[in-house]
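Mapped onto this note's numbering, the consecutive letters of the sequence shown carry residue numbers 11 to 325. To keep things clear, I will list the structure first and then write my remarks on it.
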Amino acid sequence: MPSRINRAIELLQQDQAIYYAGHHTGHVLTYAQGIEDAQTWADYINIGMEHGAFDVVGLAEYMRGLVDGGPIRSGHRTPAVVVEAPVNGTDDANVRYNAWQFRQILGRGVHGVLLCQAETADAVRAFVEACRYPHQLAGVDPALPSPLDRMHGVTAIAPGHRLLRVGTRGRGSERTAAPIWGVDEEEYFRRCDPWPLNSDGELLLGVKIESPEGVARCEEILAVPGIGFAEMGPGDLGLSLLGRTALQPSPYPAEMQEARERVFAACRANGIAFLEGCMPETIAARLDEGVRVIAGGREDTACVGRAHQRRGMPA
Numbered sequence: 011m012p013s014r015i016n017r018a019i020e021l022l023q024q025d026q027a028i029y030y031a032g033h034h035t036g037h038v039l040t041y042a043q044g045i046e047d048a049q050t051w052a053d054y055i056n057i058g059m060e061h062g063a064f065d066v067v068g069l070a071e072y073m074r075g076l077v078d079g080g081p082i083r084s085g086h087r088t089p090a091v092v093v094e095a096p097v098n099g100t101d102d103a104n105v106r107y108n109a110w111q112f113r114q115i116l117g118r119g120v121h122g123v124l125l126c127q128a129e130t131a132d133a134v135r136a137f138v139e140a141c142r143y144p145h146q147l148a149g150v151d152p153a154l155p156s157p158l159d160r161m162h163g164v165t166a167i168a169p170g171h172r173l174l175r176v177g178t179r180g181r182g183s184e185r186t187a188a189p190i191w192g193v194d195e196e197e198y199f200r201r202c203d204p205w206p207l208n209s210d211g212e213l214l215l216g217v218k219i220e221s222p223e224g225v226a227r228c229e230e231i232l233a234v235p236g237i238g239f240a241e242m243g244p245g246d247l248g249l250s251l252l253g254r255t256a257l258q259p260s261p262y263p264a265e266m267q268e269a270r271e272r273v274f275a276a277c278r279a280n281g282i283a284f285l286e287g288c289m290p291e292t293i294a295a296r297l298d299e300g301v302r303v304i305a306g307g308r309e310d311t312a313c314v315g316r317a318h319q320r321r322g323m324p325a
């Protein structure tokens, strides 16, 4: 029997790699496609709304189809679903002004959100805070004014460092999200919180570091509490760093390799899973190196990797 709602988190807790399917330029978001995708070989499904349509109506139907097409072979209600949000994580204000996107996405019952083009720690803090309910206090700066003090007009904010402010997600969407997770609303309020910051949390938040500015600040970005995985985005970084329109696969040019090593090291330092594209011939070496979120969308890669790690959970 599964020990968690989110299969991707359950596997990461076991130090098992997770493999995803789904394009970065959208997905067919229909009830029928959800039924079909419920039995996917992948551990989670990536929904690309950064470049694909921001279709939350379709997303709701798709999630309903996943439920009706399940349970999946591992016994989980659905595969995990992670949505790439359209907003870029370039700065705090940009993320806060677009926090409505996270509310809409989470309200459909997905299991994770990916913030693209993360460039500052303040932007990533705003992202984590926008995905959290205010009653969840793990990682919140204890020097912040209490709710009662705030009601009395105290607005002082502690000096900026790695801790979080109070979550800003409001109630209302639990009525649509909780049934997808198969829990009541009270349980959803308790469990929809970022893992591993909250050991009981079922929400997987990720960031994509894909600009020179993001790489320059990756150590402070990845020290923000609440992030579960991160990647060095080779496509956009190759475009902005080297001016290359063609995707440069591994082995990377020296500049890209430097960026990759720096982001990977920051992930290790903060206990965050590192995402990278792999193929059947490279997956064993990448797993031995410590890569734990596998892009590429190939079932044969997953078969080789799962065998290499002697994975017990059914695909």
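The beta-carbon is built from N, C-alpha and C at its ideal position, and this holds for glycine as well. These numbers come from a predicted model, not from an experiment.
For F239: DSSP bridge partner residues: As a position in the sequence shown, residue 239 is number 229, starting the count at 1. F239 is bridged to G216 and A283.
Complete runs of the alpha helix (DSSP H) confined to the stretch 243-325 [at least 4 residues]: 244-247, 264-280, 293-299 and 309-318
Check whether Y29 and A52 have beta carbons under 8 Å apart: Residue 29 sits at position 19 when you count from the first residue of the sequence shown. Residue 52 sits at position 42 when you count from the first residue of the sequence shown. Yes, the Cβ-Cβ distance between Y29 and A52 is below 8 Å.
Terminal residues of the alpha helix (DSSP H) in which G75 lies: Your numbering for residue 75 matches position 65 in the sequence shown. V66 to G79 is the extent of the alpha helix (DSSP H) around G75.
Residues sharing a beta bridge with Y29, DSSP: Counting from one through the sequence shown, the residue named residue 29 turns up at place 19. Beta-bridge pairing links Y29 to I304.
Own chain residues within Cβ distance below 8 Å of R227, not counting five before or after: Counting from 1 along the sequence shown, the entry for residue 227 is found at position 217. The residues are E129, T130 and A131.
CB-CB length for T88 against L76, believed under 8 Å: One-based indexing of the sequence shown puts residue 88 at position 78. One-based indexing of the sequence shown puts residue 76 at position 66. The C-beta distance from T88 to L76 rounds to 4 Å, short enough to meet the 8 Å contact threshold.
Per-residue burial, L158 [other beta carbons within 10 Å of its own, 16 or more giving buried]: Position 148 of the sequence shown holds residue 158. L158 should be labelled exposed.
In chain order, each alpha helix (DSSP H) run of at least 4 residues that lies wholly inside the stretch 94-164: Counting whole runs of 4 or more residues, the stretch 94-164 contains the alpha helix (DSSP H) stretches 102-107, 110-116, 131-140 and 157-161.
Other residues of its chain near R113: CB distance less than 8 Å, five sequence neighbours each side excluded: Taking the first residue of the sequence shown as 1, we reach residue 113 at position 103. Excluding positions up to five away in sequence, the list reads A140, R179, G180 and S183.
Inter-residue Cα distance where the pair is A305 and Q43: As a working mapping, residue 305 is identified with position 295 in the sequence shown. As a working mapping, residue 43 is identified with position 33 in the sequence shown. When rounded, the distance between both Cα atoms is 21 Å.
Buried or exposed by the 16-neighbour rule on C-beta atoms within 10 Å, applied to H61: Start at 1 with the first residue of the sequence shown, and residue 61 comes out as number 51. Flag for H61 reads exposed.
A27 versus T186: straight-line alpha-carbon distance, rounded: Position 17 of the sequence shown, counting from 1, holds the residue named residue 27. Position 176 of the sequence shown, counting from 1, holds the residue named residue 186. Going by the C-alpha atoms only, they are around 30 Å apart.
Host alpha helix (DSSP H) of G44 (start-end): Indexing the sequence shown from 1 puts residue 44 at position 34. Note, G44: alpha helix (DSSP H), Y41 to D47.
Alpha-carbon spacing of H37 relative to E20, whole angstroms: Within the sequence shown, numbered from 1, the residue matching residue 37 stands at position 27. Within the sequence shown, numbered from 1, the residue matching residue 20 stands at position 10. Each residue's Cα considered, the two are about 25 Å apart.
Where Y327 falls, given that 16 or more other Cβ within 10 Å makes a residue buried: Residue 327 lies beyond the range of the chain shown here (11 to 325); nothing can be said about it.
Extent of the continuous alpha helix (DSSP H) run through I231: Working through the sequence shown from its first residue, we reach residue 231 at position 221. Element bounds for I231: C228 to I231.
Alpha carbon of V314 to alpha carbon of S156, nearest angstrom: The sequence position of residue 314 within the sequence shown is 304, counting from 1. The sequence position of residue 156 within the sequence shown is 146, counting from 1. Distance between the alpha carbons of V314 and S156: 51 Å.
Pick from P290, E291, A240 and E268 that is closest to R278, judged by C-alpha positions: Counting from 1 along the sequence shown, the entry for residue 278 is found at position 268. Measuring from the Cα of R278, the nearest candidate turns out to be A240.
Distance between A283 and A275 (C-alpha atoms, nearest Å): On the sequence shown, position 265 is the one that residue 275 refers to. On the sequence shown, position 273 is the one that residue 283 refers to. Their Cα atoms are separated by approximately 11 Å.
Nearest candidate by alpha-carbon position, reference E286, set I231, E265, V217 and G253: Position 276 of the sequence shown, counting from 1, holds the residue named residue 286. Nearest C-alpha to E286 among I231, E265, V217 and G253: V217.
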